[in-house]
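Taking my numbering, the leading residue of the sequence shown gets 462, the next gets one more, and so forth.
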Amino acid sequence: MSKRILNVAIVNWTILKQSQQDILDRAGALTRKAKEAGADAIGFVEYFSILGTGISSKAAAEIPGEGPVTAWAIALSKEHDIEIWCPFIEEGKKGDAYNAVAIIDPEDGIVGNFQEFHFFELRTQGLEIGEAIQVIDRPWGKLGCFICYDIHFSEIPRALSLQGAELVFWPTLTDGPYSIDHVRRKAQVRCMDHGFWMIEANRNLSTIENYPDIPSACIYNPEGEICHQVSQERELVIAPIDLSFRSKDIPSVEYSDFKNVDEATRYKRSLRPEYYADLFSSLPADKFER
Numbered sequence: 462m463s464k465r466i467l468n469v470a471i472v473n474w475t476i477l478k479q480s481q482q483d484i485l486d487r488a489g490a491l492t493r494k495a496k497e498a499g500a501d502a503i504g505f506v507e508y509f510s511i512l513g514t515g516i517s518s519k520a521a522a523e524i525p526g527e528g529p530v531t532a533w534a535i536a537l538s539k540e541h542d543i544e545i546w547c548p549f550i551e552e553g554k555k556g557d558a559y560n561a562v563a564i565i566d567p568e569d570g571i572v573g574n575f576q577e578f579h580f581f582e583l584r585t586q587g588l589e590i591g592e593a594i595q596v597i598d599r600p601w602g603k604l605g606c607f608i609c610y611d612i613h614f615s616e617i618p619r620a621l622s623l624q625g626a627e628l629v630f631w632p633t634l635t636d637g638p639y640s641i642d643h644v645r646r647k648a649q650v651r652c653m654d655h656g657f658w659m660i661e662a663n664r665n666l667s668t669i670e671n672y673p674d675i676p677s678a679c680i681y682n683p684e685g686e687i688c689h690q691v692s693q694e695r696e697l698v699i700a701p702i703d704l705s706f707r708s709k710d711i712p713s714v715e716y717s718d719f720k721n722v723d724e725a726t727r728y729k730r731s732l733r734p735e736y737y738a739d740l741f742s743s744l745p746a747d748k749f750e751r
């Protein structure tokens with residue numbers, strides 16, 4: 462299989478006390494820098510446009526394409542011909558709000574968005590739980606997304622994998638309740654189990670006590686290895702992602718049907734959802750308090 466290379470900018474985001482416009486200007490400068498270095502896509506940390514501003518999540522909610530953050534990202538993407546994965550607070554049709562990521566194409570603007578799906582404590586911040594787990598078709602392949610706490614739930618990567626996700630974007634703010642080592646081990650397992658790449662966008666960890674010299678953002682390959690990372694001293698790194706890469710074959714003589722089959726394909730062949738899907742669909746919606 463020929464290589465399919467996507468050059469991705471991974472960002473080490475420092476939280477400063479700034480106005481939202483100052484933050485967008487800073488993110489715009491990083492985007493221009495990434496494009497000049499050859500990036501095809503760039504993604505920012507969750508809540509990046511309101512961190513340090515004092516603006517609440519609920520107050521920042523906007524209709525996709527009509528508010529200041531997504532309108533800024535659409536214009537920037539077109540100006541610099543770069544795909545932008547833009548975290549923002551999405552205003553829903555009923556006036557509710559979601560922790561979301563807009564996927565922005567240089568020619569077509571917003572081509573889809575993701576919402577944080579699990580964390581019930583979103584409601585303590587005036588936000589709602591996401592409504593769907595989906596992938597978005599891009600010219601280079603299929604894109605999925607975890608947002609922050611979604612990384613802790615194995616159902617999401619399984620659903621994304623079954624929909625063909627090749628790369629997953631994971632914007633997060635890793636400052637508890639779990640350690641960065643804990644969540645990164647989970648990230649590695651998600652990729653190893655399901656055979657996709659993952660792009661982690663994170664805050665500058667040098668500002669967090671007990672995190673000396675720990676990389677502030679990483680890229681994980683389909684074997685669960687951290688293959689690129691951003692040191693705390695750098696703002697971003699441009700990394701080539703080979704989307705044709707698959708997990709190494711398992712050497713086998715006896716099981717010849719496993720030869721030359723990558724891990725993701727082997728996994729999907731072996732799933733038997735008819736035996737456990739009903740376990741989930743039969744659970745009453747009000748069984749667990751949210």
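Every residue, glycine too, gets a C-beta built ideally from N, C-alpha and C.
Small disclaimer: the values here were computed from a predicted structure and weren't measured.
Local Cβ density within 10 Å of Ser713, reported as buried at 16 or more and exposed below that: Position 252 of the sequence shown, counted from the start, is the residue given in the question as residue 713. Reliability fails at Ser713, whose pLDDT of 43 lies under 50, so the model's placement of it is uncertain and no value is given.
Straight-line gap, Ile711 to Arg651 (C-alpha atoms, nearest Å): Numbered from its first residue, the sequence shown carries residue 711 at position 250. Numbered from its first residue, the sequence shown carries residue 651 at position 190. In this predicted model, Ile711 has a pLDDT of only 42, less than 50, meaning its place in the structure is not dependable; the value taken from the coordinates is given anyway. Those two C-alpha atoms are separated by around 19 Å.
Within 8 Å, strictly: CB atoms of Tyr559 and Glu589: To locate residue 559, count along the sequence shown from 1; it is residue 98. To locate residue 589, count along the sequence shown from 1; it is residue 128. Yes, the pair counts as a contact, with Cβ atoms nearer than the cut-off.
First and last residue of the uninterrupted beta strand (DSSP E) at Glu551: Walking along the sequence shown from the start, residue 551 turns up at place 90. Counted as a single uninterrupted DSSP element, the beta strand (DSSP E) harbouring Glu551 occupies residues Glu544 to Glu552.
Those runs of the alpha helix (DSSP H) which lie wholly inside the region 481 to 525 and span at least 4 residues: If only complete runs of 4 or more residues are kept, the region 481 to 525 shows the alpha helix (DSSP H) at 481 to 497, in order along the chain.
Contact check, Leu537 vs Thr585, beta carbons under 8 Å: As a working mapping, residue 537 is identified with position 76 in the sequence shown. As a working mapping, residue 585 is identified with position 124 in the sequence shown. Contact: no.
Local conformation of Gln479 per DSSP, three classes: Position 18 of the sequence shown, counted from the start, is the residue given in the question as residue 479. The answer is coil: DSSP assigns Gln479 none of H, G, I, E or B.
DSSP three-state assignment for His655, whether helix, strand or coil: Looking up residue 655 in the sequence shown gives position 194. Here DSSP, grouped into helix, strand and coil, assigns His655 to helix.
Whether Ala678 touches Asn473 by CB criterion (8 Å): Position 217 of the sequence shown, counting from 1, holds the residue named residue 678. Position 12 of the sequence shown, counting from 1, holds the residue named residue 473. Contact: yes.
Length of the line joining the Cα atoms of Gln482 and His689: Numbered from 1 along the sequence shown, position 21 holds the residue referred to as residue 482. Numbered from 1 along the sequence shown, position 228 holds the residue referred to as residue 689. Approximately 30 Å, taken between the alpha carbons.
8 Å Cβ cutoff met for Ser510 and Ile471: Taking the first residue of the sequence shown as 1, we reach residue 510 at position 49. Taking the first residue of the sequence shown as 1, we reach residue 471 at position 10. 8 Å or more divides the Cβ of Ser510 from the Cβ of Ile471.
Proximity to Pro600 [Cα-Cα], best of Phe630, Asp566 and Arg619: For the purposes of this step, residue 600 is identified with residue 139 of the sequence shown, where counting begins at 1. Residue Asp566 is the option with its Cα nearest to Pro600.
Extent of the continuous alpha helix (DSSP H) to which Ile535 belongs: Here the question's residue 535 lines up with position 74 in the sequence shown. According to the DSSP assignment, Ile535 belongs to the alpha helix (DSSP H) that extends over Pro529 to His541.
Distance CB(Gln693)-CB(Asn665) smaller than 8 Å: Your numbering for residue 693 matches position 232 in the sequence shown. Your numbering for residue 665 matches position 204 in the sequence shown. Against a cut-off of 8 Å, the Cβ pair of Asn665 and Gln693 comes out as a contact.
Element boundaries [alpha helix (DSSP H), containing Leu697]: Along the sequence shown, read from residue 1 onward, the residue named residue 697 stands at position 236. Membership of Leu697 in any alpha helix (DSSP H) is not indicated; the residue belongs instead to the beta strand (DSSP E) covering Leu697 to Asp703.
Segments of 3+ residues assigned as beta strand (DSSP E) that fall wholly inside the region 602 to 627: As far as the region 602 to 627 is concerned, its whole beta strand (DSSP E) runs of at least 3 residues are 602 to 606.
Beta-carbon spacing of Glu523, Phe505 below 8 Å: Here residue 523 is taken as the residue at index 62 of the sequence shown, counted from 1. Here residue 505 is taken as the residue at index 44 of the sequence shown, counted from 1. No.
Simplified DSSP assignment, three categories, for Ala593: Indexing the sequence shown from 1 puts residue 593 at position 132. Per DSSP, reduced to three states, the secondary structure at Ala593 is coil, with no helix or strand assignment.
Length of the line joining the Cα atoms of Asp486 and Glu696: Along the sequence shown, one-based indexing puts residue 486 at 25. Along the sequence shown, one-based indexing puts residue 696 at 235. Cα to Cα, Asp486 sits roughly 15 Å from Glu696.
Straight-line gap, Ala521 to Val644 (C-alpha atoms, nearest Å): As a working note, residue 521 is residue 60 in the sequence shown. As a working note, residue 644 is residue 183 in the sequence shown. Near 27 Å, if we compare the C-alpha coordinates of Val644 and Ala521.
The ligand SAM heavy atom lying under 7 Å from the CB of Asn468: In terms of ligand content, the structure shown is empty, and the ligand SAM therefore cannot be addressed.
Option in Phe607, Ile680, Ile545 and Trp631 with minimal Cα separation from Asp569: Translated into the one-based positions of the sequence shown, residue 569 becomes position 108. Checking every option, the nearest Cα to that of Asp569 belongs to Ile545.
Candidates Ser615, Arg465, Phe575 and Ile543, of which the one nearest Lys496 by Cα: Against the sequence shown, residue 496 aligns to sequence position 35. Distances from the alpha-carbon of Lys496 to those of Ser615, Arg465, Phe575 and Ile543 put Ile543 closest.
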